[in-house]
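Only one structure is covered here, and it is reproduced in the block below.
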Amino acid sequence: MARLAKKQKEAAAKIEKGKFYSVNEASALVKDITNAKFDASVDIAVRLGVDPRKANQMVRGVVSLPHGTGKDVKVLALVTPDKEAEAKEAGADYVGLDEFLDKIKSGWTDVDVIITMPSVMGKLGPLGRILGPRGLMPNPKTGTVTMDVAKAVTEVKAGKIDFKVDKTGIVHAAVGKVSFSPEQIAGNVNELLSTLMKLKPTAAKGTYVKSIFMSSTMSPSIAVDSKIG
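At position 107 of the sequence shown (counting the first as 1) the number is 107 in UniProt numbering, and the numbers step up by one without a gap.
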């Protein structure tokens, strides 16, 4: 345990107190301060000046990270038989309908994203208490309820993620892996931040982006310059 504490101190010492790093600087530094023996996830937390309790200040959207997430995303396509072939060809890990609905009812949720069709959503309603808390309920706004199942599967596999501001006003998102180059991490972060700026609610007053922090799974947080627009 003492050895781990020493590494943590060494990592923290590389972060200049009171400094707000540019996205490029933070993307390089997060690699330097990560000592995990596995390919740690790089995460970003953006505190927004919104009140999520008000419907007109809810921030939710999707973004296609140009360099992907670095994660093998497991996709379940809940589709009718006529759509099964295209879902499989697009790379869905699990494809079917009633048999998977039964598995979910029994508590199975070993997937990252569920994609379905408008005609199937009625069957998913009763499963909301299982899927909702896990962020797995398909939603037309995030492109996971669509007739173009193949496109949806392909996009998710390529790095499309959805995000939503939490009750404290923070958007959390994984933007890559420590094995990514600084340029790849920065590219993904900038794409997410650009998307967030486009989603600024007209009802939100004052400073929209209050703070940005970047970290890896086992690293200290790096304060990022929040003056992005």
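All C-beta atoms, glycine included, are put in the ideal place defined by N, C-alpha and C.
| Asked | Found |
| --- | --- |
| Whole angstroms are fine: how far does the CA of S215 sit from the CA of I222? | 6 Å |
| Under the assumption that T144 contacts M117 (Cβ atoms under 8 Å), give the Cβ distance between them as a whole number of angstroms. | That belief does not hold up - the Cβ atoms of T144 and M117 are roughly 10 Å apart, past 8 Å. |
| Can you grab the Cα-Cα spacing for the pair L136 / D112, in whole Å? | 7 Å |
| Taking S211 and R47 to be in contact with their CB atoms under 8 Å, please state how far apart those CB atoms are, rounded to whole angstroms. | 4 Å |
| Using a 10 Å radius around the Cβ and a threshold of 16 neighbouring Cβ atoms, would you call P126 buried or exposed? | exposed |
| Measuring alpha carbon to alpha carbon, tell me which residue in Y21, E86, V59 and N24 is nearest I115. | E86 |
| Have a look at K120 and F180 and give me their C-alpha separation to the nearest angstrom. | Per the sequence shown, residue 120 should be read as Val rather than Lys. Computed Cα separation, rounded: 38 Å. |
| When the Cα of A77 is compared with those of P182, G107, A90 and H67, which residue comes out closest? | A90 |
| Give the range of the alpha helix (DSSP H) segment to which G176 is assigned. | Run containing G176: none in the alpha helix (DSSP H); it sits in the beta strand (DSSP E), I170 to K177. |
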